[in-house]
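Peer 1:
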Ligand SMILES: CC(C)(COP(=O)(O)OP(=O)(O)OC[C@H]1O[C@@H](n2cnc3c(N)ncnc32)[C@H](O)[C@@H]1OP(=O)(O)O)[C@@H](O)C(=O)NCCC(=O)NCCS
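In this note's numbering, the protein residues as written are 375 to 634.
1. State the Cα-Cα distance for the pair residue 534 and residue 479, rounded to the nearest angstrom.
2. Please work out which residues of its chain come closer than 7 Å, Cβ to Cβ, to residue 573, disregarding the five sequence neighbours upstream and downstream, and give them in chain order.
3. Just to confirm my understanding: we take residue 485, look at its own chain, exclude 5 residues before and 5 after, and list those with CB closer than 6 Å. What are they?
4. In angstroms, rounded to a whole number, what distance separates the CA positions of residue 423 and residue 468?
5. Do the stretch 400-416 and the stretch 499-513 make contact, defined as three or more Cβ pairs closer than 8 Å?
6. Report yes if the C-beta distance between residue 491 and residue 444 is below 8 Å; otherwise report no.
7. Taking residue 616 and residue 464 to be in contact with their CB atoms under 8 Å, please state how far apart those CB atoms are, rounded to whole angstroms.
8. Taking all protein chains shown into account, decide if residue 606 is buried (16 or more other Cβ within 10 angstroms of its Cβ) or exposed.
9. Cβ of residue 592 within 8 Å of Cβ of residue 405?
10. How many angstroms separate the CA atom of residue 387 from the CA atom of residue 613?
11. Run the CB neighbour count on residue 475, radius 10 Å, all protein chains shown included, and call it buried at 16 or more, exposed below.
12. With DSSP as the reference, please indicate the residues paired to residue 587 in a beta bridge.
13. Taking just the CA atoms, how far does residue 390 sit from residue 611?
14. Starting from the C-beta of residue 578, find all residues in its chain whose C-beta is less than 6 Å away, skip the five residues before and the five after it, and write them out in chain order.
15. What does residue 475 pair with, by DSSP beta-bridge criteria?
16. Going residue by residue through the stretch 522-605, where are the continuous alpha helix (DSSP H) segments of at least 4 residues, counting only ones entirely within it?
17. Grouping DSSP H, G and I as helix and E and B as strand, with all else coil, what is residue 415?
18. Measuring from the CB of residue 544, is there a heavy atom of ligand 2 at a distance below 7 Å?
19. Suppose the cutoff is 7 Å on Cβ atoms and the five residues either side in sequence are ignored; what does the same chain contact list for residue 556 look like?
20. Use the C-beta contact count for residue 570: other C-beta atoms within 10 angstroms, 16 or more gives buried, fewer gives exposed.
21. Counting only the same chain and skipping the five closest in sequence on each side, list residues whose C-beta sits under 8 Å from that of residue 596.
22. Can you grab the Cα-Cα spacing for the pair residue 402 / residue 429, in whole Å?
23. Comparing alpha-carbon positions, which option in 594, 580 and 540 lies nearest residue 602?
24. Over the uninterrupted alpha helix (DSSP H) stretch that includes residue 434, give me the two end residues.
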């Protein structure tokens, strides 16, 4: 269990035995002042302009700008809009010819980014939207073992369990890089209250549950979030969580918590 992480705006050095997680409050426009599009490539600016919803446009622009700004630090000062990103055929982005790996997610109020050196990572945040038919959704996206565990829970426990499993599963398929085309029923995660975040089984050819480490990220009551990290040497020493708080290159401090 990791809690109440102390955070700063400028990333410390990223080493191969730590993961950095950054979150951005998308409802705080002052968090990223200035012309964000200057940090984007022309193609990204065009993609941003194409969003019909102003909110979605802001979310995309702000998170991509923060991604590029942080990558610029991690890559030793390369200009943000000159960092070359490539996309696999399922949509996962990576930095061309660099060991630095990352992933991102956004939902509701939050954007989240994670960074690692030399190992695959995936992250997911979800607003726990009301009014969803969770039992029906569980049948669609959970494995038989997960459905059995989910249905054994009381009605009051099910909403939390659903979003716990959902974000752990999304983080896993995003770490793999194939997204939901990987097959959401081909692996099992823990979901019961009080059980540590864990990949219980993977039936994906060539994969093993021991290849991956899951962790929950605490985003408060309204959101669920999880991180999935490839288990490779050296062993993971820590997951360091930072909140981007809008003082640019200053030393602003804020904190949030993670557990694994
Ligand atoms: C696309 C997908 C990877 C995530 O979708 P999502 O949860 O709607 O979106 P998130 O905000 O978490 O992530 C979006 C980011 O993931 C990244 N991404 C896209 N495809 C990806 C992939 N195959 N692997 C990893 N990351 C990917 C992109 O950078 C994207 O950011 P962008 O919108 O700025 O380009 C995919 O898993 C999906 O389609 N999910 C649908 C939701 C669902 O049914 N989930 C069931 C859960 S049990």
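Ideal Cβ positions, reconstructed from N, Cα and C, are used throughout, including at glycine.
Computed from a predicted model, the values in this text were never measured in an experiment.
Peer 2: Put simply:
1. As a first step, residue 534 must be located in the chain shown, where it is residue number 160. As a first step, residue 479 must be located in the chain shown, where it is residue number 105. If I take the Cα positions, the gap works out to 19 Å.
2. As a working mapping, residue 573 is identified with position 199 in the chain shown. So the qualifying residues of the chain are 546, 561, 563, 583, 586 and 588.
3. Position 111 of the chain shown, counted from the start, is the residue given in the question as residue 485. Hits under 6 Å: 398, 400 and 437.
4. Residue mapping note: residue 423 aligns to position 49 of the chain shown, counting from 1. Residue mapping note: residue 468 aligns to position 94 of the chain shown, counting from 1. So the alpha carbons of these two residues sit roughly 23 Å apart.
5. no
6. Taking the first residue of the chain shown as 1, we reach residue 491 at position 117. Taking the first residue of the chain shown as 1, we reach residue 444 at position 70. Contact flag unset, no.
7. Stepping through the chain shown from its first residue, residue 616 is reached at position 242. Stepping through the chain shown from its first residue, residue 464 is reached at position 90. No, residue 616 and residue 464 are not in contact; Cβ-Cβ is about 28 Å, not under 8 Å.
8. For the purposes of this step, residue 606 is taken as residue 232 along the chain shown, with counting starting at 1. Counting Cβ neighbours within 10 Å, residue 606 comes out exposed, since fewer than 16 surround it.
9. Position 218 of the chain shown, counted from the first residue, corresponds to residue 592. Position 31 of the chain shown, counted from the first residue, corresponds to residue 405. Contact flag unset, no.
10. On the chain shown, residue 387 is found 13 positions in, with the first residue counted as 1. On the chain shown, residue 613 is found 239 positions in, with the first residue counted as 1. Taking the straight line joining both Cα atoms gives about 13 Å.
11. Numbered from its first residue, the chain shown carries residue 475 at position 101. Classification for residue 475: buried.
12. Numbered from its first residue, the chain shown carries residue 587 at position 213. Answer by DSSP bridge pairing, in chain order: 603.
13. If you number the chain shown from 1, residue 611 lands on position 237. If you number the chain shown from 1, residue 390 lands on position 16. When rounded, the distance between both Cα atoms is 9 Å.
14. Residue mapping note: residue 578 aligns to position 204 of the chain shown, counting from 1. Taken in chain order, the residues that qualify are 560.
15. On the chain shown, position 101 is the one that residue 475 refers to. The partner list for residue 475 (beta bridge, DSSP) reads 490.
16. 529-550
17. As a working mapping, residue 415 is identified with position 41 in the chain shown. DSSP places residue 415 in coil when its eight states are reduced to three.
18. With respect to small molecules bound, the structure shown includes ligand 1 and not ligand 2.
19. Your numbering for residue 556 matches position 182 in the chain shown. Closer than 7 Å at Cβ, skipping near neighbours: 547, 550 and 578.
20. What you label residue 570 is simply residue 196 of the chain shown in a count that begins at 1. By the neighbour-count rule (16 or more Cβ atoms within 10 Å), residue 570 is not buried but exposed.
21. By 1-based counting over the chain shown, the position of residue 596 is 222. Cβ within range, chain order: 482, 483, 501 and 502.
22. If you number the chain shown from 1, residue 402 lands on position 28. If you number the chain shown from 1, residue 429 lands on position 55. Between residue 402 and residue 429, the C-alpha separation is close to 12 Å.
23. Against the chain shown, residue 602 aligns to sequence position 228. Closest by alpha carbon: 540.
24. Position 60 of the chain shown holds residue 434. First-last of the alpha helix (DSSP H) with residue 434: 428-448.
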